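One structure is given here, and the rest of the page talks about it.
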Amino acid sequence: MEYHNINPVYDKDSKILILGSFPSVKSRETKFFYGHPQNRFWKVISALTGTSLPQTVEDKRKMLINNNIAVWDVIASCDIEGSSDSSIKNVVVNNLSEILKETNIKTIFLNGGTAYNLFKKYNKDIDIDIIKLPSTSPANARYSLNMLIDDWKIVRDKL
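In terms of UniProt numbering, the sequence shown opens at residue 1 and continues consecutively.
Structure, rendered in structure tokens:
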């Protein structure tokens, strides 16, 4: 069993929530979201917000907060082989009620199909706009960075 070891990033001004499935091995090592150097999340968010690519965890946290973006994951713990979403079993989900209560979040974006499917399965009581986006993971190789940025532009529209 692997456990989520990263606190959610948000503040009272957060307008959107981006949820992944579960942190990769690299993210669990660095103790921050999207820590794999090939994951395009930070490049996409930088392009959408017109900010320079953050290098440190603190820079990444500031970029999210300064742009009213909250980030967390659907899963609190699970059995997983490495970073493979397809191997996820025995899911325990994160409780999203606190983050939703303390913020002004009107839209939840799901980073990839696994996050979307798990969210829909375990969060039937959450009545907020839900939008599935293509995964920024390097495993989603058929999507170029430009394709991701184009599909993720809806994030900017909600900020």
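In this text, a Cβ means the ideal position worked out from N, Cα and C, and glycines have one as well.
Since we're looking at a predicted model, the values are computed, not measured.
Report the start-end ranges of each alpha helix (DSSP H) in the UniProt domain "Uracil-DNA glycosylase-like" (7-156) that is 4 residues or longer and not cut off at the edges.
25-30, 41-49, 57-66, 97-101 and 113-122
Nearest residue (CA-CA) to W152, options T30, L48 and V74:
As a working mapping, residue 152 is identified with position 152 in the sequence shown. Nearest C-alpha to W152: L48.
Cα-Cα separation, T136 to D125
What you label residue 136 is simply residue 136 of the sequence shown in a count that begins at 1. What you label residue 125 is simply residue 125 of the sequence shown in a count that begins at 1. Their Cα atoms are separated by approximately 27 Å.
Beta-carbon separation (whole angstroms), I16 vs I105, contact threshold 8 Å
For the purposes of this step, residue 16 is taken as the residue at position 16 of the sequence shown. For the purposes of this step, residue 105 is taken as the residue at position 105 of the sequence shown. The Cβ separation is near 6 Å, so the contact holds.
CB-CB under 7 Å to W42, same chain, minus the five flanking residues each way: which ones, in chain order?
Sequence index remark: in the sequence shown, residue 42 carries index 42 (1-based). So the qualifying residues of the chain are Y34, L53, P54 and K60.
Whole-Å CB distance - A70 paired with S24, under 8 Å assumed
To locate residue 70, count along the sequence shown from 1; it is residue 70. To locate residue 24, count along the sequence shown from 1; it is residue 24. The pair is not a contact, with the Cβ atoms about 19 Å apart (cut-off 8 Å).
Using 8 Å as the threshold, is the C-beta distance between M147 and D79 below it?
In the sequence shown, counting from the first residue as 1, residue 147 sits at position 147. In the sequence shown, counting from the first residue as 1, residue 79 sits at position 79. Their beta carbons are not under 8 Å apart, which means M147 does not touch D79 by this criterion.
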